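Notes follow the structure.
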Amino acid sequence: MLGDKNSILAHKPLALTKKRLRWLILLSSFPLFGMVAAFGIAPETSLEEPPVEEVILGLDLPEIIPVSSANMTFWRQESVQRGDTIATLLSRLEVNNQNAAIFLRDARDVKAMHQLVPGKIVHVQTTATGELLLLRYFPGGSEQLVMEKSGSAFKVSEKAADLETHIQMKSGVINSSLFAAVDKAGVPESVAIQIVDILASDIDFHRDLRKGDRFTVVYDSLYGNGEPARAGRVLSVEFVNQGVPHRAVYFQAENGESGYYAPDGKNLRKAFLRSPLEFSRISSGFSSARFHPILKTWRAHRGIDYAAPTGTRVKAAADGTVALAGWQGGYGNVIILQHQGQYSTVYGHLSTFAKGLRQGQRVSQGDIIGHVGATGMATGPHLHYEFRFNGVQRDPLRVAMPAANPVSAKYMGAFYDYTKPLMARLDMLRGTHLAFVD
Ligand SMILES: [Zn+2]
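Note that my numbering has the sequence shown beginning at 3, numbered continuously upward.
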């Protein structure tokens, strides 16, 4: 019996309240209540093994309080399994049938309760007889759902989850596609998209990626109630593309100016994006023959073709004004944007234009202006992209582009102080990774 009790106590959560602990000690002092004590301890996973003996010896027995299992409450938790419904979960949580029926009625219009996410945890508080008092569910994001018994019904409330930030560091090597590599490294898709956006002025992720390219990324990850909620901001990233390392670090100066900068303080945001095509799981992947860029020599073609499924989103390469959005011969549906300094960009073979896009309209870099198609003289869906100076096609890869402002001189000290440890982390991870690859 004593052995049993010790093993039970060893599994109780570290965060037991004093009051709760006293109850446990009280209960464990009476063999009659052994069963009750076992119920009282079952829920919540333990973090570490608490120093059981010390606690028991160090406390005096409290005054005798009449113990009634009727007014004791218990916390239990269950992971959502694939195919679970609220009903099956409540049954596993040993909520009594009558009570479960009331809950199901009151949860009928609660969306989150009908879209249970496998792997997420549902916590319930019940009485000893299995009457449900409260259900807590955190599907991710920043809100947690609480359904609490109030009279004969359950009241629903959304409460802000207590979010904690953890810094994550991950690295990977590209073998088939960027998304395959980030998946393998356990990096969330939102972080992959950020990496692509941050380096969009330096790397054309549609055409420049090669097998063996590698990345290291440091980012914020938000946790609510100890469960992963969502990925936050990328803090620093290194991407080695065709042997050339590109590094970026997020920095916000005292005066509020912020952005991603190279280690020397240069701004990574350039006047033109390297690729005007949205990078996504579908449009990416140089290993897939179907989506492989149509390769033509620049000299013969005077433009860049991006093969991509019909409907892939096309972005404005730079801030500018719509000079044309209509049909033009072999280009089919085409958009021409006029930018500062005699530059213009051309987007051909589009299936559709962005809703409401019209001549004379101002657009910002990255705005969605249309969608990939095969209109005009096109053998298959692709984007024909041209970059022109004074109306003449130029190779965008050969034109030096002005960048946004670097970190102001007076903040460079603070910039180096802040970025030094982040750079050291990248160095460390790169070292680890190279060792691993070799
Ligand atoms: Zn073309």
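Don't be surprised by glycine CBs; every beta carbon is placed ideally from N, CA and C. Since the structure is predicted, the reported quantities are computational estimates derived from the model, not experimental observations.
By the three-class DSSP mapping on this structure, what secondary structure does residue i have?
| i | result |
| --- | --- |
| Ile104 | helix |
| Ile197 | helix |
| Leu147 | strand |
| Ala405 | strand |
| Thr90 | helix |
| Ala182 | helix |
| Phe281 | coil |
| Lys161 | strand |
| Gly132 | coil |
| Arg276 | coil |
| Thr421 | helix |
| Asp204 | coil |
| Arg304 | coil |
| Met414 | helix |
| Gly174 | strand |
| Glu166 | strand |
| Thr116 | According to the sequence as given, residue 116 is His; it is not Thr. In this structure, His116 counts as helix in the three-state DSSP scheme. |
| Glu96 | coil |
| Ala327 | strand |
| Ser152 | strand |
| Arg212 | coil |
| Leu428 | helix |
| Leu352 | strand |
| Gly332 | helix |
| Ala309 | strand |
| Ser81 | strand |
| Ser192 | helix |
| Glu388 | strand |
| Leu339 | strand |
| Leu399 | helix |
Give a yes or no on whether the minimum CB-CB distance between residue i and chain D is below 8 Å.
| i | result |
| --- | --- |
| Tyr420 | Judged by its chain identifiers, the structure shown contains no chain D, having just a single protein chain. |
Give me every residue whose Cβ sits closer than 5 Å to any heavy atom of ligand 1, in chain order. This selection yields Gly305, Asp307, His386.
Tell me whether the stretch 341-351 and the stretch 379-392 touch, counting them as touching only if at least three CB pairs, one residue from each stretch, are closer than 8 Å. Taking a cut-off of 8 Å on C-beta distances, the stretch 341-351 touches the stretch 379-392, as three or more cross pairs fall below it.
Pairing CB atoms from the stretch 415-433 with CB atoms from the stretch 249-267, are three or more of them under 8 Å? yes
Meets three-Cβ-pair contact criterion under 8 Å: the stretch 355-364 and the stretch 320-327: yes
Is the stretch 231-244 touching the stretch 194-206, taking contact as three or more C-beta pairs under 8 Å? Short answer: they touch.
Just to confirm the assignment: which complete beta strand (DSSP E) runs, minimum length 3, are found wholly within the stretch 215-274? 216-226, 229-243, 246-254, 260-263
Taking contact to mean 3 or more Cβ pairs, one atom from each stretch, closer than 8 Å, check whether the stretch 176-187 and the stretch 132-144 are in contact. no
So, does the stretch 108-119 touch the stretch 143-152, judging by three or more C-beta pairs under 8 Å? Contact holds: three or more Cβ-Cβ distances are below 8 Å.
Are three or more beta carbon pairs between the stretch 308-317 and the stretch 326-335 nearer than 8 Å? no
Count Cβ pairs between the stretch 216-225 and the stretch 163-173 that sit closer than 8 Å; are there 3 or more? yes
Pairs of beta-carbons, one from the stretch 406-417 and one from the stretch 370-378, closer than 8 Å: are there three or more? no
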